[in-house]
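Colleague: Please find one structure pasted underneath; my questions will follow.
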Ligand SMILES: Cc1cc2nc3c(=O)[nH]c(=O)nc-3n(C[C@H](O)[C@H](O)[C@H](O)COP(=O)(O)OP(=O)(O)OC[C@H]3O[C@@H](n4cnc5c(N)ncnc54)[C@H](O)[C@@H]3O)c2cc1C
Ligand code: FES
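Numbering (this note's numbering), first residue to last: 45 to 410.
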């Protein structure tokens with residue numbers, strides 16, 4: 045090996061070793077003592093032990109920021125403005141922040157470690173997010189990998205949310221998993237049904253929370269939920285609506301449509317395209333078909349991408365099916381929900397047909 049390569053190798057090993065030593069030392073010996081967290085210019089403030097992430101520290105004080113991935117830095121939903129004490133922007137945050145957000149001191153709260161006094165600003169509505177100790181009233185097998193769960197709220201409690209929003213569900217420690225963990229799930233029930241919450245959950249092989257839900261949860265079990273979160277909800281316009289969902293992405297769309305019925309919104313033509321692989325992946329078809337019969341403004345179009353069996357549904361990829369149903373979409377508004385790949389593909393089709401990006405709303409299940 046050349047002397048230069050040897051020198052590079054030695055330096056890399058030394059700096060790597062040093063970093064690991066520093067991390068170990070910080071883990072075992074760092075003591076940040078008590079620090080002050082100031083929220084919205086003194087509207088709330090608390091003294092807490094430093095050392096945990098800002099997201100965890102805030103939730104220990106019952107201030108809940110949205111968190112899709114449970115603090116792993118992979119969803120970008122836990123943003124808040126950090127005006128003081130956040131330290132430098134980390135490489136783990138940059139993929140989730142645009143230029144405007146960086147200029148305005150927006151940070152990912154799960155990536156910031158609380159080491160000294162911190163000043164933050166959060167939207168006012170987050171201050172009223174609540175934790176609910178619920179009980180599972182009913183679990184329904186919708187398909188081979190999708191379950192519906194209905195949670196009863198504690199006696200005397202109710203929840204106020206906008207159709208389309210989500211809640212965080214906490215799993216308890218199980219098998220080798222030692223800590224409670226949370227993930228985001230869109231609420232599928234209507235806001236009018238405010239003494240209970242329904243969620244639709246698709247099993248992710250080896251997924252921490254979905255394994256808990258599918259393999260450990262039973263009717264009657266207690267479950268912690270926090271919410272409501274999110275800005276995916278029906279905008280108050282008179283535009284025609286197109287909803288597109290795949291898999292468990294049906295959840296918030298169902299809530300939005302049930303809410304339109306409850307609120308008597310019948311002047312907006314609405315078409316719901318539901319993409320699935322085969323007949324075995326369809327659910328809630330009877331309910332949406334019944335809504336279609338009773339409400340002339342609503343149309344339900346299930347489409348199957350890979351099922352050549354003899355079935356009454358539209359065949360094809362959901363993007364192709366949507367594209368073939370419309371000409372110019374400039375005056376239409378879209379609500380999309382499902383995997384990031386599906387949403388990106390749909391957005392391309394919609395904008396290609398003239399729909400402005402400002403009229404496209406979505407929740408990516410990332
Ligand atoms: C705003 C929001 C709303 C959401 N609403 C719903 C909902 O209503 N219903 C629902 O089922 N999910 C929903 N999700 C997704 C959900 O929060 C979890 O990400 C998902 O259930 C996986 O969690 P897990 O703990 O089981 O898997 P994890 O332990 O987080 O992941 C395990 C592995 O699977 C991969 N993975 C994670 N998610 C998926 C996926 N969807 N498909 C394939 N691979 C994946 C990961 O990359 C990882 O390698 C939503 C997400 C967001 C951000
Ligand atoms: S909770 Fe911070 S990125 Fe997901």
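Ideal placement from N, C-alpha and C gives every residue a C-beta, glycine not left out. Predicted model only: the values in this text are computed from it and were never measured.
(1) Beta-carbon within less than 6 Å of residue 379's beta-carbon, same chain only, minus the 5 sequence neighbours each way: which residues are those?
(2) Buried or exposed for residue 452, please, with buried defined as at least 16 other CB atoms from any protein chain shown within 10 angstroms of its CB.
(3) How should residue 142 be labelled, buried or exposed, when 16 other C-beta atoms within 10 angstroms of its C-beta is the threshold for buried?
(4) With respect to 7 Å, is the separation between the Cβ of residue 116 and the closest non-hydrogen atom of ligand 2 below this value?
(5) Is any heavy atom of ligand 2 found at a distance shorter than 7 Å from the C-beta of residue 141?
(6) Could you tell me the distance, in whole angstroms, from the CA atom of residue 293 to the CA atom of residue 232?
(7) Just to confirm the assignment, what range does the beta strand (DSSP E) spanning residue 207 have?
(8) Quick check on the DSSP output: what are the complete alpha helix (DSSP H) runs of length 4 or more inside the region 60 to 148, in order along the chain?
(9) Where does the unbroken beta strand (DSSP E) through residue 246 begin, and where does it stop?
(10) Looking only at C-alpha atoms, which of 328, 86, 113 and 82 sits nearest to residue 101?
(11) Using 8 Å as the Cβ pair cut-off and three pairs as the minimum, do the region 394 to 405 and the region 362 to 380 touch?
(12) Tell me, please, which residues DSSP counts as bridged to residue 212.
(13) Please classify residue 346 as buried or exposed, where buried requires at least 16 neighbouring CB atoms within 10 angstroms.
(14) Under a three-way DSSP split, which group does residue 390 fall into?
(15) The alpha helix (DSSP H) with residue 296 in it runs from where to where?
(16) Tell me the rounded alpha-carbon separation between residue 161 and residue 106.
(17) If you reduce the DSSP assignment to three classes, tell me which class residue 361 lands in.
(18) Heavy atom of ligand 2 less than 7 Å from the Cβ of residue 120, yes or no?
(19) Would you mind giving the Cβ-Cβ distance between residue 210 and residue 230, rounded to the nearest angstrom? I have them listed as a contact below 8 Å.
(20) Less than 8 Å between the beta carbons of residue 213 and residue 170, yes or no?
(21) Can you name the start and end residues of the alpha helix (DSSP H) that residue 329 belongs to?
(22) With a CB to CB cut of under 7 Å and the five nearest residues on each side skipped, what residues in its chain are close to residue 221?
(23) If you draw a straight line from the C-alpha of residue 362 to the C-alpha of residue 388, how long is it?
(24) Would you identify the three-state DSSP class for residue 320, choosing helix, strand or coil?
(25) Would residue 207 and residue 97 qualify as a contact pair, given that the criterion is a beta-carbon distance under 8 Å?
(26) Any heavy atom of ligand 1 closer than 7 Å to the Cβ of residue 287?
(27) How would you call residue 334, buried or exposed, if buried means at least 16 neighbouring beta carbons within 10 angstroms?
(28) Just to confirm, is the Cβ distance from residue 297 to residue 289 under 8 Å?
(29) Nearer than 7 Å: is that true of the beta carbon of residue 390 relative to any heavy atom of ligand 2?
(30) Give the straight-line distance between the Cα atoms of residue 124 and residue 94, rounded to the nearest whole angstrom.
(31) Whole angstroms is fine: what's the gap from residue 376's alpha carbon to residue 265's?
(32) Can you give me the C-alpha to C-alpha distance between residue 117 and residue 391, rounded to a whole angstrom?
(33) Using the three-state DSSP reduction, which class does residue 407 fall into: helix, strand or coil?
(34) Alpha carbons only, please: which of 282, 150, 409 and 178 is nearest the one belonging to residue 270?
Modeller: On the basis of the supplied data:
(1) Within the chain shown, residue 379 is the residue found at index 335, counting from 1. 287 and 405, listed in sequence order.
(2) Residue 452 cannot be examined here, being either before or after the span of the chain that is shown, 45 to 410.
(3) Taking the chain shown and counting its residues from 1, one reaches residue 142 at position 98. Residue 142 comes out exposed.
(4) Within the chain shown, numbered from 1, the residue matching residue 116 stands at position 72. Flag set: Cβ of residue 116 near ligand 2.
(5) Numbered from its first residue, the chain shown carries residue 141 at position 97. No - ligand 2 has no heavy atom lying nearer than 7 Å to the Cβ of residue 141.
(6) Residue numbering aside, residue 293 sits at position 249 when the chain shown is read from its first letter. Residue numbering aside, residue 232 sits at position 188 when the chain shown is read from its first letter. Computed Cα separation, rounded: 9 Å.
(7) Along the chain shown, one-based indexing puts residue 207 at 163. Looking at the DSSP string, residue 207 is not in any beta strand (DSSP E), and its letter there is neither H nor E.
(8) 98 to 104 and 143 to 147
(9) Here residue 246 corresponds to residue number 202 of the chain shown, with the count starting at 1. Taken as a continuous stretch (DSSP letters only), the beta strand (DSSP E) holding residue 246 covers 240 to 246.
(10) Reading the chain shown from its first residue, position 57 is the one you call residue 101. The candidate whose alpha carbon is nearest that of residue 101 is 82.
(11) yes
(12) Position 168 of the chain shown, counted from the first residue, corresponds to residue 212. Its beta-bridge partners are 228 and 270.
(13) To locate residue 346, count along the chain shown from 1; it is residue 302. Residue 346 comes out buried.
(14) By one-based count along the chain shown, residue 390 stands at place 346. Helix.
(15) Your numbering for residue 296 matches position 252 in the chain shown. Start and end: 294 to 306.
(16) Here the question's residue 161 lines up with position 117 in the chain shown. Here the question's residue 106 lines up with position 62 in the chain shown. Rounded to whole angstroms, residue 161 to residue 106 spans 18 Å at the Cα level.
(17) Along the chain shown, read from residue 1 onward, the residue named residue 361 stands at position 317. Looking at residue 361 - three-state DSSP - the assignment turns out to be coil, as it is neither helix nor strand.
(18) Taking the first residue of the chain shown as position 1, residue 120 is located at position 76. Within the cutoff, so yes.
(19) The residue labelled residue 210 in the question sits at position 166 within the chain shown. The residue labelled residue 230 in the question sits at position 186 within the chain shown. That pair is a contact at about 5 Å.
(20) In the chain shown, the residue the question calls residue 213 occupies position 169. In the chain shown, the residue the question calls residue 170 occupies position 126. The answer is no: Cβ separation not under 8 Å.
(21) Here residue 329 is taken as the residue at index 285 of the chain shown, counted from 1. Start and end: 329 to 338.
(22) Taking the chain shown and counting its residues from 1, one reaches residue 221 at position 177. Around residue 221: 252.
(23) Locating residue 362 in the chain shown gives position 318, counting from the first residue. Locating residue 388 in the chain shown gives position 344, counting from the first residue. If I take the Cα positions, the gap works out to 12 Å.
(24) Translated into positions along the chain shown, residue 320 becomes position 276. Strand, per DSSP.
(25) For the purposes of this step, residue 207 is taken as residue 163 along the chain shown, with counting starting at 1. For the purposes of this step, residue 97 is taken as residue 53 along the chain shown, with counting starting at 1. For residue 207 and residue 97, no; Cβs fall outside 8 Å.
(26) Taking the first residue of the chain shown as 1, we reach residue 287 at position 243. Not so, every heavy atom of ligand 1 lies at least 7 Å from the Cβ.
(27) By 1-based counting over the chain shown, the position of residue 334 is 290. Label assigned to residue 334: exposed.
(28) Numbered from its first residue, the chain shown carries residue 297 at position 253. Numbered from its first residue, the chain shown carries residue 289 at position 245. For residue 297 and residue 289, yes; Cβs fall inside 8 Å.
(29) Within the chain shown, residue 390 is the residue found at index 346, counting from 1. Residue 390 Cβ: outside cutoff for every heavy atom of ligand 2.
(30) If you number the chain shown from 1, residue 124 lands on position 80. If you number the chain shown from 1, residue 94 lands on position 50. Straight-line Cα distance between these residues: approximately 18 Å.
(31) Here the question's residue 376 lines up with position 332 in the chain shown. Here the question's residue 265 lines up with position 221 in the chain shown. Taking the straight line from one Cα to the other gives about 43 Å.
(32) Walking along the chain shown from the start, residue 117 turns up at place 73. Walking along the chain shown from the start, residue 391 turns up at place 347. Roughly 24 Å between the two C-alpha positions.
(33) Working through the chain shown from its first residue, we reach residue 407 at position 363. Note: residue 407 maps to strand in three-state DSSP.
(34) Numbered from 1 along the chain shown, position 226 holds the residue referred to as residue 270. Taking only the C-alpha atoms, the option nearest residue 270 is 178.
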